[in-house]
Every structure is written in C-alpha cells, then in structure tokens.
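Reading through the structure tokens given below for one structure.
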Amino acid sequence: MNKFIYCVFIFIYKTASGYSLSAYFSQNAIHGQLEFEESNGEIRLIRHFKVYKNLSLQDWFWHIHEFPVNYENINGDLRCTENELGKKLYNLEDIFGNFELSNEQPIVKISKNSVLEEGIKSLWGRSILLYSEHLGLSACSSILPNQNDHQYIAEARFINNIMGSIYFRSLSENDGRFSRTLIYTDLIYEPISHSIYSSKKSTTLSWKMYTTDVFDHNDRSSEANCNNLQIVFDPFNEGPGRSIGDLDARLGKLQFIAKKNVLKHKQSFVDKDLFLTLNDYSNSRRKLFIVLYNDNDPETYLTCAKLKPVYSKLYKANINETEVKGLFEWTQNSLFEPTFVNFSINNLIQNETEFSEEKNQPLKILLTELPPMHELLGTSKYCSNNSTGMVFNPLQKPEDILCETQDECLVGDVSSKLSLTFFPKKNKRYYSSFWDLFCPLTGSNSILFRGLLIAKKFNFESERRICTTILPFIKKGEKHIEQKITTAVVIFKYPIVGKIVFKQPTNTYWEDTTIIVEYLIHADGSSLNTTLNHRWAIHTYSPGNDFYDWQNRCMSTGDIFSFYKSKNISINKLCSVNSNIFCLMGDLSSILGSLTISGNINDKSTSRKLFTIKNLSLNGRFSVLGRSVTIYDEIEQLPSRKAVVREWFGNGQKLEIMGKIEFTQQSEYNLLAIETMLTGRTSNNIFSIHKVVPVAINLEFPCEISSLDHHYQLFGQQSIIGRSIVISDTFKNVGCGTIERGYSAKEARESRAVVSFHHPLGYTYGYIRLSQLIGLESGQSDTTIEINLRYPGLHDRNKTRNHLFKIFVNPVGVDAIVKPTVTRCTAGGYDELYKSECKPNNPFRCYVGDVSSRVGVIDIGYGKKVLTDYNFPLDGSVSSIGRSIVIFGPEYSSEPFACANIEPDHNIIKFVNIERPPRFVIGPIASKLEQDLSKLLVSGRLDVPSLYIPGYQNPKRKSTLHYKECNIKDDKMKISSHKNYVKSKSDNISGSDILIFSSFVLYLLNQGNILRTYIQNLNRIFILVKPHNNP
C-alpha cells in the first residue's frame, strides 16, 4: 500500500493559566487543527478536522520524536521517516489514548499528565508523528514556540572531511526566564585513513566549544587553521571538564556508525546549562567555534566550524501598477518551521461588471519558476510564460491537478492552497493570512528571486496579468528594509553567448546562493538547434585565451573548484543531485542538474533557469569570485548602482528647495530605493522623472516641457542615469536637476568620453557623450550614451530618423568630410555583424562596435536622447576610446553619413565664466585649452589652433594677440552673469588673473562654424585663471 503523508504544524503559546500548543494538518485529504492546553497539571485537547475522503477515523497512533521536521524537504513521505525524525521519546496514547479523526464538532478531552516531566514544555523543539498501521498513513510536524517567546538558533556547518551541521536552539520565555537549549547533530565523517572501514564499524569523536580571544578580530584565520583556537568557552570559570565548552564531558561524545562507506552520526542533546542569545553568536569581539577531534589523538583537531546565527527569513513581493497595488509577505524562522504568508491586493477589480463575474472567474495567485525578464518591463510580454516560466513545480506534479490539501498542490499554486472561498467586497480588495507547510524560504526549493504572478480573467476571455519578483528583506526595528545582496555575473561571448547571475546576502557567506541563468545561446555556428544536458562547473582559475582552441579549450581554468577535495574515490561516486553533500563544491551539474543551450534568439527562454545552492560563497575565504565557469568565463562582482541629484535649478525663479535625492538599486532584479534629503518647501511639490539628458542650465526656463521632452510615469527598462528629475506644483514646473552617478572614490571611478561633431564642412552638428563607472577591484557598469545631434547651420531644420551607428576600430581624419559616401569614413576600418542573432535582447551576441543592434537607432534633428549599452567599454584592453563612431544614413541605410573620433572627456581646470553661457562644452580639448591659455598669458602667441580640425584651415587666423593687464584690486568683486552673481573670495586679484575682452576666446578657439556660433552667443567673457573643483 502506498504510504501517504500529511503534516502537522504545532505552535506553543501562553494562555492566561499556562501553555497551549496548536497543530495544523493539510495532507492526504485531512485538513484541520489540534490544540493542547495545560493548566494546573491537566492537559486539555481540542480537535477540529475536516476529512475529504472516506478514511477510517480510528486506529491512529501518535508519538513524540527527538528531531523537528526539516521543512526544506517538500516531499512529505520522506520527511516523516524515522531516519529524519530520530528515535521515539513519548507515546501520547498514554495520555489521551489513540488518535481519532472526526468530521463532527470540536472534540475536547482532558487528561492528567503523568508522562511529561516538564509538562508540554518537554515537547518544544521536537516533532509529533501520527500514523495508522491499518491505512499505512503517517504525518509529522515540528513543535514550535509562540511569538511571545524568544528563540535563538545557531549553526556550526562543517565542510571538510566531516560534513554536516550542528544546530543550537535556545528558548527563553517572555518574562526573560531561561527554558532550555536543544542541540541537534547531523554529521557524516569521511576518515582520511581508509583502514578505519575494515577495522571499525563505529567510532567516537570528542567535541568542545572554543572561543577566540577578545583581542583577536580575525576569526577567519581560526576557520582556516583550527590550531589557532586555544581557549575552551568557560564564562563562569568552572574549570576543565566542567565548563560550558566541555560538551563531550557534560553531554557525551559523538558516536559515528558505518553506513554505505561513510560514518554517520545523528543525535539530539538537552543542555540545561547552556543558553546563548543572538549577541553571543554575532558578538564582534568574541567568536564561538565547535571543534571535533579524535579520541586517539586529542592534541590534533580534525576540523572546526564557527557558530553562526540563523536569522529568520522575510521575503516580499511588491505590486505597484498604475491602478493595482498590493504586497505579499513570507516569513520563516528556520528550516525547522513552516512558512507564514500575508497578502493584500487592491483595485484588481475595477468596475461593477468585473465584480459581478468574480465568483465565476476566481483569482489565480502563482509562484513562477523564474523572475520576469527585466528587459521586457513595460511590454505586454513582461508577464508571459516565456518571461516568468511556468508554475514553480519542483516535484513535477500534473499541472491540472485539483488539490484539496496542501500536499497535493503544486508548490507554487498559492491560490489552490488558500482554497479561495472568499470573494472581494466592494472595496475591491483581496487579503488573507495563512500558513504553508510546503513553501520553504531556504534550501534548493526556496522561492527567493522567483516570480509572483497574479492572473484574473474577465468575460471568460480577457486576462489581466500582473507579475513581480520576490526579494529578501530584513527587520530593522519596526521597519523592513531590503537586504543588501552581493551580485556576481558571468558573461559568455564565445563559443556561446549568455549571462549567469550569482546572488548572495552580503557578509553572510554561509547563506544560500541563488544562481539565475538568464540565457545561453550557441554563437559559433556549431548548432542551430537547442541542445540539452550540458554539464557545467566552477573551476579554480580564471580563464585564459584558450577558449578559442577547440581541441584544448579552457585547460587554463584548472580543476573543479572545491575548498576540500575528497581523497576517497567511493565518496565521489556517491555524488548526485539527491546526495550533493558528497560532491565537489564546484561540480554544479552534479549538485543542481544540467543546462540547456538555445539554438537561436527565438528560443532564448528555453535556457533560462534558477537554482538555489548551499556552501557556494560570494564572500569570505572560499569565495568563487575571480574563478571561472566551465562554459567558460571569469566570475566578477557586479557592484550595486547608485544615482544622485545634488544640484537644483529654478525655472525662471528662485528655487527654495535644497539638498539631494538618492536612488539605489542592487541589481536589475531588485527594487529601486529612493531617499529624499531635501529642505525648503517640498510638501506641495510633485517629483517626476523625465526622458531627457542633463538639465540645460544655461536656459532661463530649463525645466519647461520643450526642454525636457516627454514625461516618464515610472522607471522603465532604460536606466535613469543621465536623465532629469522635475519638481512641479499644481500649475507648472518650478525646478529641476540632473540624475548623476553616485559613487565613492574608494570604490570606483567614472570614465567619460565624448564624440564631438564640429567640423565646419561636416554633415551633422552636436555631440555624443559617454560615461561608465569602473570598479577599482572588479566590475563595470553599463555605459550611458547621451546624444544631441542636428544638421549643421543656424537655420537648418531638417530632420531624419532611424540612423544606425557603430564603433569602428580606427580613428577618422579628412575622410569624415569627403562627399562620396562610398569613401566617407573609410579610415575607421571595418565592423562585421552577426546578421541574424545580434539584437537588443541578445546584446553579447553582437560585436562590441555594433551599437545600434544593441540599443536601437538614433534620430538627427529631433532633440536629445539617452540610451544605455551593456557592452560599450570605456576602459581596459578593449576600450573604445581612440576609435571612431560612424553614423549611417537615414532609414537604416548602409551608407556612411557622418563620423567623428571618441575622445577622453576631461574636466576643464581653468574655466570661463560667461554672461550668456553656451549650450556646448568642448570637453575633449580641455587639457589642451589649459596649456594654450597658459602660453598666451606668458607670451601672447599661439602658432597652432587649440582645436585641430582635419582638412580645414582658417586663413584669417592670427598667431599673436596683444593684451593689456588690468590692475584691479578689490576684496569683493561681483560679476554679472545672466542675472546671477559670482563672488570671488580672493583677497588680491591681479591684472594677469582677469582678462576682460571678447576677442580673447575668439582668438583661442577660432576654428570654424560651430565655434563662431559659440562666440556669437557671447556678449562678454571673464576668464579666471584659477583651478576649480567643479568645472
């Protein structure tokens, strides 16, 4: 007979007269609740059940076992076996008799307690097992404390020749009194000497708790070498053999039994002397370690592990649509407890017709295999199955199954688990709170970074779909803040293209790591079909150039990475997905399963996968950063992104707002956090992000719609860096500021470049500005591309669309202005393409120079535009600086139209304060301007123009300039500049410091059409020969 399992969930909470336990069932056609209450030496039992199938209601037994249920195991049959729950401690039949099911009203039984030594407190931290020998059915649950009691959990995880964990669970009551500490040990020992298998069927190991010295802050050195630990934990000075740290002397040694070529140990202990709080586990001055050593050699440690706190998990999914708002929350204290879910959805039903159809078209709430594709945000495909994957179903149950209890449901079928029998009121709101016995927040079946999908059909035809990503949060006081995540990426460019993302909570290297395979596509022409079952692994070293060698590809990456390599061949043979504790840590295919590689971009979604893995660290001494993946490329850390608005500009009036707004986002899967730190009148203002490049501060009304282009409602697929934020009141825009990169000089630097189209005989006029953040240790950001191009001439209003643009390998010269398009811009060299597969949603399939295929086309004469490119390097061995940009003709023409070189964009150290500032800043020649300005001030002569234009010479240009120094001495000098005042703080300003004449800059920059226009906009120029911190 098949053995069906249903789970019990038991809570402990205080009543007015004592304690109470609650147990919840939702398995094998049984749904209900048990309550135990204790008062004055009596235990009162209350049972509430609903039985969905024709089951026998008698002949049930119930026992207490030593270990709690491991809720990471979502297979109910397996998690309730004796191997998992340990030995039997108590027979509850001795207290209440046999366990009986009933469909009737609640049944109450009262019994005198003569079995449990400490009453029902003896049940805390254990499990309860129900079974029927007649039916062959069983169920199990952990026995848990209530919310008013304080529970502290720590883990010592061993990853060497001894593998597994030791858990410490301490419980204190709400009044602060200590209750007890339970210790669970679950270990596998692989002796270094193989002879132990033939000589012994069991062995014992001693174990102690050690502490580091208060002056030793480098606890990682103790993890690397256990011999650094010298102090047994003895906070009460009890002496050797009696101290808190002498676990083996007080509780007994660890007994290992030989099973399947390894020695196994699983046991529980009750320690009434040891009580540790969260402060003991996370104390920054003193660290606790568990040390194991062989009895035959007590002076040599076998291994050690640091005690690390087990934090409760809090995950959230925010719904922030234009009309529909909602929030889902999942909480789980540890793997020994089930998950609690709270949610609320508002305005999903938006009219009376939809409300009247609600009962016929119930709401679907699903957890999906994958997070939605961030590049599809804002499109109708964002919440499609190709974007989010199917319902999360790790046990591969039939998707059309009708489940009556939670064990029958798909893990991700939230609405079926709810058994949604409630309907929204006319306030258009859904809400519920429930417990889920089959939704772990940790382990390989964790829901972290997966998708949440809400689907609602109307008129039996149309379907409204809303989706978002499940993200981690932490509690900080009364607030919930998004948890900081370390993100690493692997980019594949040959012979496959794709991206794999690794994510782990920062500074907690023992936490689970999530691996998101965004996509993998064949790129070398070897296959046009999707291929399955590809092995993959993390290797020890970063890759060399041998990935081009089809015979010896990736030999440079070394062996599969593992912080401990087994010498026992029989151990490695036990490695599998179901027994991954025996695997080398880098052997990802054996631990997680194989990968799929798509044959073309249309099948991209078939390669997307999400995995959760233990012991794969992005932090600490066993970090995989800088190593390689065998498909193959180096793993590098992806820094979080930050943007800030510091400077504000009034729109034709004085702006009373001061301060800044900061934007932070850890990765494309995380929420965008906005922090405002503003002073002044902000209560009646509306802040909105616009589609424009930085604010044109030279305008009298820089915040008008004509200056700012069209309005964005929310953040979309493109980055907001380089755009503007507008402050509005009820009637008009009152101010604005530019969203710039925010970063610390200790962590990164910004690389900038500009492509200046200024040739008097050129075919377009304006610039393309580029900026990228370069991490000082590793990683680089996307490149922001700011475009402002029009046709040359003051009165030329021509406009054209759909111009392709590319990076070419060489700089251009005189060929930029030749009339025949077949020879125009030919000095730039060449740029070939992957014709069919290079697209915006497959950017790494493109050549670096094929910018348009990644980010789209540009228009000339239509104003400013901001784009973001994943693969436009401004630094490193393949930097695009020093090369050229070629713009092709309109409407996707293949004929070159205009071109210019990519030059470094430096700050101007000596600056010009102009009464009517220009719209264009000549960044590429900033250092040259500074040098030439110094020459003119000293000698009054400049033989070569500062701005070199290939193929063009101005015959009217003069090489000398005579000037007269102005002897001005004034403590405070005010300079009028476009209705603004600039105050100089210099105490003594000489005539050589200030030159007041308009012909100076005309002489210095007398280079052609664009600079003549530049000068014609000036009425008066003040040149201050003085370094400036913010040019």
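Under my numbering, the final residue of the sequence shown carries the number 1039; numbering is consecutive throughout. Just so it is clear, CB atoms sit at the ideal spot from N, CA and C, and this is done for glycine as well. Fair warning: this is a prediction, and the values are worked out from it, not measured in the lab.
Taking all protein chains in view, the Cβ of ASP737 is surrounded by fewer than 16 other Cβ atoms within 10 Å, so the residue is classified as exposed. Restricting attention to LYS754, ARG177, LYS511 and LEU778, the CA atom closest to the CA of GLU748 is found in LEU778.
Taken in chain order, the unbroken stretches of beta strand (DSSP E) that lie wholly in the region 485-528 and span 3 residues or more are 487-490, 493-500 and 504-513. Counting only residues of its own chain and dropping the five nearest sequence neighbours on each side, ILE825 has a CB closer than 7 Å to the CB of HIS767, LEU769, GLY770 and GLY959. Approximately 19 Å separates the beta-carbon atoms of ASP444 and GLN404; this is outside 8 Å, ruling out the contact. Nearest Cα to VAL763 within the set GLN491, LEU882 and LYS847: LEU882.
Rounded to whole angstroms, ASN236 and CYS312 show a C-alpha spacing of 11 Å. In this structure, ILE889 keeps its C-beta atom at 8 Å or more from the C-beta atom of ALA906.
Taken through DSSP and simplified to helix, strand or coil, CYS447 comes out as coil.
Residue ranges of uninterrupted beta strand (DSSP E) with 3 or more members, entirely inside the region 102-165 and ordered along the chain, are 115-120, 125-128, 135-140 and 145-152. Annotated as distal: GLY420 and THR387, with beta-carbon spacing of 8 Å or more. TYR751 is the residue among ARG760, TYR751 and LEU797 whose C-alpha sits nearest the C-alpha of GLY783.
Only buried fits ILE504, as 16 or more other CB atoms lie within 10 angstroms of its CB. DSSP, reduced to helix, strand and coil, places SER887 outside both helices and strands of the structure shown, so it counts as coil. Segment contact: the region 389-407 against the region 482-494, fewer than three CB-CB distances shorter than 8 Å; contact not assigned. Under the DSSP definition of a beta bridge, CYS417 lacks any partner. Taking C-beta separations shorter than 8 Å and ignoring five residues to either side along the sequence, the partners of THR539 in its chain run HIS530, THR604, ILE605 and GLY607, following chain order. By the Cβ test, the region 471-481 is not in contact with the region 586-595, since fewer than three Cβ pairs between them sit closer than 8 Å.
In this structure ILE298 is buried. Its beta-carbon is surrounded by 16 or more other beta-carbon atoms within 10 angstroms. The three-state secondary structure of GLN674, taken from DSSP, is coil. Selection LEU86, GLY864 and TYR197 evaluated against SER149 yields LEU86 as nearest (Cα-Cα). Around the beta carbon of HIS547, 16 or more other beta carbons lie within 10 angstroms, which makes this residue buried. Remark: C-beta atoms of ILE191 and GLY172 do not approach each other more closely than 8 Å. Closest in alpha carbon position to PHE176, among CYS411, SER860, LEU955 and VAL318, is VAL318. If you look at THR396, you'll find it in the alpha helix (DSSP H) that goes 393-396. For LEU969 and GLY948, the gap between their C-alpha atoms comes out near 5 Å.
In the three-state reduction of the DSSP assignment, ASP281 falls in the coil class. Closest in C-alpha terms to LEU626, from the list GLY566, GLN512 and ASP595, comes GLN512. When TRP68, CYS583, LEU663 and ASN453 are compared, the shortest CA-CA separation from THR521 is found for ASN453.
A straight line joining the alpha-carbon of HIS158 with that of ILE776 spans about 60 Å. PHE57 has its alpha-carbon roughly 44 Å from the corresponding atom of SER613. For the 8 Å CB-CB criterion, GLU163 and LYS316 form a contact. Secondary-structure assignment with DSSP links GLN939 through no beta bridge to anything. Of the residues GLU90, ASN537, PHE351 and PHE765, the one whose Cα lies closest to the Cα of ILE72 is GLU90.
PHE244 is classed as exposed because its beta carbon has fewer than 16 other beta carbons within 10 Å across all chains shown.
When only Cα atoms are considered, ASN304 and GLN263 end up about 14 Å apart.
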